[in-house]
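K.L.:
Chain order of the listed sequences is A and B. Each residue of the first sequence is one higher than the one before, counting from 0 in numbering that gives the first Met the number 0. Each residue of the second sequence is one higher than the one before, counting from 0 in numbering that gives the first Met the number 0.
Protein chains: 2
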Amino acid sequence: MKAVVTVMPRDDVLDPQGKAVAQALHSLGFADVGDVRVGKTIVLELATTSAAEARSEAEAMARKLLANPVIEQFEVEIKDA
Amino acid sequence: MKAVVTVMPRDDVLDPQGKAVAQALHSLGFADVGDVRVGKTIVLELATTSAAEARSEAEAMARKLLANPVIEQFEVEIKDA
């Protein structure tokens with residue numbers, strides 16, 4: 000199973016990296032861009048063949064290591080393969 | 000429209016950050032984890048209301064700024080809202 004963990008800054012937390020990207024896009028002429036937020040994607044190959052188990056393992060990993068709950072939120076998506 | 004650009008290291012490129020995360024997960028007792036790859040997620044708020052336009056703009060931004068095609072590949076997903 001493949002688990003995709005997406006870690007984003009919480010909505011109520013400032014994201015200076017996102018602001019920098021937004022400014023860079025504006026200077027490149029992309030006037031259409033509003034708010035930008037930058038996060039991490041972690042793709043994990045898991046030995047288990049159960050989607051439920053893969054999800055609970057990936058969530059445990061996100062809570063323990065991949066995300067900092069004070070400033071970040073995460074989502075887990077499970078994919079076959 | 001909201002565009003989610005996911006930038007990952009190309010499959011044929013080494014990912015030392017992913018390796019480090021895999022090792023850290025193993026030391027935390029997650030024996031089930033195989034390969035790990037770490038990439039970026041960029042969430043862009045776009046003023047346009049056309050999904051096709053949002054996609055082509057986000058792809059242009061990824062090519063120009065967000066991804067380095069030598070070592071990275073990207074995917075664009077368009078969301079309403």
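No residue lacks a Cβ here, since even glycine has one placed at the ideal position from N, Cα and C. Predicted model, so just to flag it, every value in this text is computed and none were measured.
By alpha-carbon positions, which one of B/Val69, B/Val3, B/Leu24 and B/Asp14 ends up nearest to A/Leu65?
P.N.:
The candidate whose alpha carbon is nearest that of A/Leu65 is B/Leu24.
K.L.:
Would you report the Cα separation of B/Val4 and A/Arg54, rounded to the nearest angstrom?
P.N.:
Cα-Cα distance, rounded: 23 Å.
K.L.:
Could you tell me the boundaries of the alpha helix (DSSP H) in which A/Gly17 lies?
P.N.:
Run containing A/Gly17: Pro15 to Ser26, per the alpha helix (DSSP H) assignment.
K.L.:
Determine the chain A residues that contact B/Arg36 at a beta-carbon separation under 8 Å, and present them in chain order.
P.N.:
Result: Ile41 and Val42.
K.L.:
Helix, strand or coil: how does DSSP classify A/Ala66 here?
P.N.:
Residue state, collapsed to three classes: coil.
K.L.:
What's the gap between the Cα of A/Leu43 and the Cα of A/Lys1?
P.N.:
Their backbone Cα atoms lie some 6 Å apart in a straight line.
K.L.:
Output, in chain order, the set of chain A residues within a Cβ distance shorter than 8 Å of B/Lys63.
P.N.:
Residues of chain A passing the Cβ test: Leu27.
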